[in-house]
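Colleague:
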Amino acid sequence: MKSRITETFIPLAVKEHIKHLKENGKAIDCDNFIKRCLCIYSSTTSYLEKWTMSLMQFKVFKWMDIQKCVPIDYNKVEECITFLKSLNVFIDDVQLFDQLQNLKNLLAFKMIHISLKNLQIRHNASTERVFSLITSQWTKERNRFLLENVKGVVMVQFNFKQIC
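In terms of this note's numbering, the sequence shown opens at residue 837 and continues consecutively.
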């Protein structure tokens, strides 16, 4: 809202109507309308500030928004502990500190390994390719194949038509 006041924001559709009214000789009415719009913006801003003032006491919990990827500062956590103690809520600060360190480690791990989600194979085409290469070689003894045998069969089948 504050930026609407500083920029004197008026929607484009309204600006078009104001332009037509100014062309018809109603410039004074248009100026009064714009002033009233800015007045509405400022009164809305003051109303919102008045009614959100009671929520300012909870500003100490702002650090809990871990979606912003801002490092967690223990001093801000101490402010929360102090606030909660003033409301007669007991917090074990030693255990909280340990849990906070675990959370930091988890978030750091998540940030480092977030790209691993994109590396996971989403299909089984390579497995199906191996099965199609060794299908003709499987007999009743197929369950007794060692990994080295399967690897050898796949290598021979894959490279059979290659020129040496």
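Glycine included, each C-beta is placed from N, C-alpha and C at the ideal position.
Which residue's Cα is closest to the Cα of K912: Y883, N924, A863 and D929?
Modeller: The shortest C-alpha separation from K912 is found at D929.
Colleague: Pick helix, strand or coil for T844, following the three-state DSSP scheme.
Modeller: In the structure shown, T844 sits in coil (DSSP, three-state: anything other than H, G, I, E or B).
Colleague: So does the region 909–924 actually touch the region 887–901, counting three or more Cβ pairs closer than 8 Å?
Modeller: The region 909–924 is in contact with the region 887–901.
Colleague: For E984 and R958, what's the separation of their Cα atoms in angstroms?
Modeller: Whole-angstrom Cα-Cα distance: 26 Å.
Colleague: Inspect the CB distances between the region 841–860 and the region 874–892 and report whether three or more fall short of 8 Å.
Modeller: Because the criterion of three Cβ pairs below 8 Å is met, the region 841–860 and the region 874–892 touch.
Colleague: Spatial neighbours of K858 within its chain, please: C-beta separation below 8 Å, excluding the five flanking residues on both sides.
Modeller: Only C866 meet the Cβ criterion.
Colleague: In the DSSP assignment, the alpha helix (DSSP H) including M991 goes from what residue to what residue?
Modeller: Segment L983 to N995, the alpha helix (DSSP H) holding M991.
Colleague: According to DSSP, is H856 part of a helix, a strand, or is it coil?
Modeller: Three-state DSSP puts H856 in a helix.
Colleague: State buried or exposed for I876, treating a residue as buried only when at least 16 other CB atoms are found within 10 Å of its CB.
Modeller: Exposed is the call here.
Colleague: When you compare each of T918, P907, N960 and N924 to L936 by their alpha carbons, which one comes out closest?
Modeller: The shortest C-alpha separation from L936 is found at P907.
Colleague: What separation, rounded to the nearest whole angstrom, lies between the Cα atoms of G861 and R872?
Modeller: Near 19 Å, if we compare the C-alpha coordinates of R872 and G861.
Colleague: What is the rounded straight-line gap between the Cα of I870 and the Cα of N924?
Modeller: If I take the Cα positions, the gap works out to 51 Å.
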